[in-house]
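A.B. asks: Residue numbers (the working numbering): 1 to 113. Beta carbons: idealized from backbone N, C-alpha and C, even for Gly.
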């Protein structure tokens, strides 16, 4: 929680709850590897701002469908080509949320151009 975003009236318990929900829940981010403090602060500010926006139920369902499709495709490749090539995307299904958002934003941005 960046200093510029902190509420002066927030208690330590409230700040702890906010930080716990941001960094200890089912979704989090690792950015300690970034080289400069400026980069880490920028990432933290933007990550925290994004977390404040609720995700629509339809978006959650769409991302879940894409993740399931990814798992099904992985199983298909393993079943049909398992002896010929070695392929596996185990765990990479979570990237489907990133790709879903990337392509959605790109499509809406470029369709307006």
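Between residue 106 and residue 63, is the Cβ-Cβ spacing less than 7 Å?
C.D. replies: Looking up residue 106 in the chain shown gives position 106. Looking up residue 63 in the chain shown gives position 63. Result no, Cβ atoms of residue 106 and residue 63 do not sit closer than 7 Å.
A.B. asks: At the level of alpha carbons, what is the spacing between residue 109 and residue 92?
C.D. replies: Taking the chain shown and counting its residues from 1, the one referred to as residue 109 is at position 109. Taking the chain shown and counting its residues from 1, the one referred to as residue 92 is at position 92. Distance between the alpha carbons of residue 109 and residue 92: 26 Å.
A.B. asks: Looking at the unbroken alpha helix (DSSP H) that takes in residue 50, where does it start and where does it end?
C.D. replies: Along the chain shown, one-based indexing puts residue 50 at 50. That run of the alpha helix (DSSP H) goes 37-52.
A.B. asks: Any idea what DSSP makes of residue 102, helix, strand or coil?
C.D. replies: Residue numbering aside, residue 102 sits at position 102 when the chain shown is read from its first letter. Looking at residue 102 - three-state DSSP - the assignment turns out to be helix.
A.B. asks: Under 8 Å by Cβ, that's how I've got residue 22 and residue 48 pegged, so tell me the actual separation to the nearest angstrom.
C.D. replies: Against the chain shown, residue 22 aligns to sequence position 22. Against the chain shown, residue 48 aligns to sequence position 48. Indeed they touch by this definition, with Cβ atoms about 6 Å apart.
A.B. asks: Give a yes or no on whether the C-beta atoms belonging to residue 58 and residue 100 are separated by under 7 Å.
C.D. replies: In the chain shown, counting from the first residue as 1, residue 58 sits at position 58. In the chain shown, counting from the first residue as 1, residue 100 sits at position 100. No; because the gap between Cβ atoms is not below 7 Å, this pair is not in contact.
A.B. asks: Find the nearest neighbour of residue 29 within the set 82, 102, 44 and 37, judged by alpha-carbon distance.
C.D. replies: Locating residue 29 in the chain shown gives position 29, counting from the first residue. Measuring from the Cα of residue 29, the nearest candidate turns out to be 44.
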